[in-house]
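Asker: Numbering-wise (the numbering used here), the sequence shown opens with residue 866 and increments by one.
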Amino acid sequence: MKPLGSKGEDLAVRFLQKKGYRIIARNYKTPVGEIDIIARDGDTIVFIEVKTRTDISFGYPFEAVNKRKRQKLKNLALLYLKRQGKESPVRFDVLSIFCMDNGKKDIEHIKDAFEV
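1. Check for me: the alpha helix (DSSP H) holding Y945 runs from which residue to which?
2. Would you say I962 and L876 are within 8 Å of each other, going by their C-beta atoms?
3. Does the pairing of the stretch 925 to 941 with the stretch 876 to 889 give three or more beta-carbon distances under 8 Å?
4. Short check: CB of G898 to CB of L941, under 8 Å?
5. Measure the Cβ-Cβ separation of R956 and T909 and say whether it is below 8 Å.
6. Can you check DSSP and say which residues form a bridge with D958?
7. Taking the DSSP output, what are the residues bridged to T919?
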């Protein structure tokens, strides 16, 4: 059985593709961390953090993207952009996924969740 995080990322990729996003990378690893999903929405490169929960005892999924996590994502995005050597508009989104006991999934897409 896949871990919850991987299941959430699978759901996120399908959700984004249905919305017309082109997935560039998944689990993009660097020496300092990982970006869950990098996608293109038109001309914009979108760095997407996916948070998945089965209950709210630790808060809603999007609440896990705190100030420290946002700063880390910004640094990872800058590293990615530097490696690519291209300038492009960028955006940071959060996909908050709640998997309920009855098998239903609730996906909240927070576009422009934070700025660089």
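Every residue, glycine too, gets a C-beta built ideally from N, C-alpha and C.
Answerer: Straight from the coordinates:
1. Here residue 945 refers to the residue found at position 80 when the sequence shown is read from its first residue. Following the DSSP letters along the chain, one finds Y945 inside the alpha helix (DSSP H) bounded by residues 932 to 949.
2. Counting from 1 along the sequence shown, the entry for residue 962 is found at position 97. Counting from 1 along the sequence shown, the entry for residue 876 is found at position 11. Here I962 is near L876, since their CB atoms are less than 8 Å apart.
3. No, because fewer than three Cβ pairs between the stretch 925 to 941 and the stretch 876 to 889 fall closer than 8 Å, the two stretches do not touch.
4. Position 33 of the sequence shown, counted from the first residue, corresponds to residue 898. Position 76 of the sequence shown, counted from the first residue, corresponds to residue 941. The answer is yes: Cβ separation under 8 Å.
5. Looking up residue 956 in the sequence shown gives position 91. Looking up residue 909 in the sequence shown gives position 44. Yes.
6. Locating residue 958 in the sequence shown gives position 93, counting from the first residue. Beta-bridge analysis with DSSP links D958 to I913.
7. Taking the first residue of the sequence shown as position 1, residue 919 is located at position 54. In DSSP, T919 forms no bridge with anything.
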